[in-house]
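**Q**
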Amino acid sequence: MAFEQGWCCKKRFRECGLKWTQTREAIINLLSSKKGHLSAEEIFLEVKELYPGIGLATVYRTLELLTELGILRKFDFKDGRARYEFIAGKETVEHYHLVCRICGKIIDYEIDLETQQDPLKYLKNTLTEKFKFSIERSDIQFFGLCERCKALSERG
Numbered sequence: 001m002a003f004e005q006g007w008c009c010k011k012r013f014r015e016c017g018l019k020w021t022q023t024r025e026a027i028i029n030l031l032s033s034k035k036g037h038l039s040a041e042e043i044f045l046e047v048k049e050l051y052p053g054i055g056l057a058t059v060y061r062t063l064e065l066l067t068e069l070g071i072l073r074k075f076d077f078k079d080g081r082a083r084y085e086f087i088a089g090k091e092t093v094e095h096y097h098l099v100c101r102i103c104g105k106i107i108d109y110e111i112d113l114e115t116q117q118d119p120l121k122y123l124k125n126t127l128t129e130k131f132k133f134s135i136e137r138s139d140i141q142f143f144g145l146c147e148r149c150k151a152l153s154e155r156g
C-alpha cells in the first residue's frame, strides 16, 4: 500500500477510536493493490494465505467497517455477491462501472474531476436544486453488453 493511503487509513481509524490490526491492514493492502472488484470470499482466500487463523466472519465484519469508514465501497453487480473496491484518497475521482449482463465483465471508467468535467454535473445540479438534496457521492452502473458479447450476439 502506498504510504499516503496507509497513513490516511490509519488516521481514519485513530479519529474513530478504532484499533489498527494486522488483519485489517492486510485487507486494506490487498484491496488497495488489486484492480477489480473482489468478493468477501475472494478476499478471505487471499488474506488467509498470510494469516491462516483468520475467519470468514472476521473478513465480513472488517469489510463492513471499512465501508462505513469510507475506505471501501461496496457494490452489487447483480451476480449474487457483494464486491468491494478501495476508494480512500480518491475523493476527486468520479467512478462508473459498465457491467456486461451476459459474461459479467466489469469495466471501470474514472474521471479525474481536477482535470475533467463531470459528465453528470448538470443532472446532479438539477437534483440538488429541485429536491434541495445535498449529493455526497453516487454509485452509477451501466448494464449492457461488452464488445465481445455484443459481437457474439450479432453473429447469432
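Position 106, counted from 1, in the sequence shown is what UniProt numbering calls 106; the numbers after and before it change by one each time, with no gaps. Even for Gly, the Cβ is constructed at its ideal location relative to N, Cα and C.
Give the DSSP-derived three-state secondary structure of F131 in the structure shown.
**A** Helix at F131.
**Q** Cα-Cα, which of E129, S138, F77 and L123 is closest to G144?
**A** Cα-wise, what sits closest to G144 is F77.
**Q** Could you work out which residue in E68, G70, V47 and Y109 is closest to V59 when comparing CA atoms only?
**A** For V59, the nearest C-alpha among the options comes from V47.
**Q** Measure how close the beta-carbons of L66 and I28 come, nearest whole angstrom, since I'm counting them as under 8 angstroms.
**A** That belief holds up - the Cβ atoms of L66 and I28 are roughly 7 angstroms apart, short of 8 angstroms.
**Q** Measure the C-alpha to C-alpha separation of F3 and R155 and round it to an integer number of angstroms.
**A** Because the pLDDT of F3 is 41, which lies under 50, any placement of that residue in the model is unreliable, and the number read from its coordinates should be weighed accordingly. Roughly 49 angstroms between the two C-alpha positions.
**Q** Within the same chain, show all residues whose beta-carbon is closer than 7 angstroms to that of A26, passing over the 5 residues directly before and after it, in chain order.
**A** Excluding positions up to five away in sequence, the list reads V47, L50 and Y51.
**Q** According to DSSP, is F77 helix, strand or coil?
**A** Residue state, collapsed to three classes: coil.
**Q** Measuring alpha carbon to alpha carbon, tell me which of K121, E64 and R81 ends up nearest R73.
**A** Closest by alpha carbon: E64.
**Q** Here's the rule I'm using: 16 or more other beta-carbon atoms within 10 Å means buried, otherwise exposed. How should C9 be labelled?
**A** When all chains shown are included, C9 counts as buried.
**Q** Output the distance between the C-alpha atoms of H97 and E42, rounded to the nearest integer angstrom.
**A** Each residue's alpha carbon lies about 20 angstroms from the other.
**Q** Would you report the Cα separation of A88 and S39, rounded to the nearest angstrom?
**A** Approximately 18 angstroms, taken between the alpha carbons.
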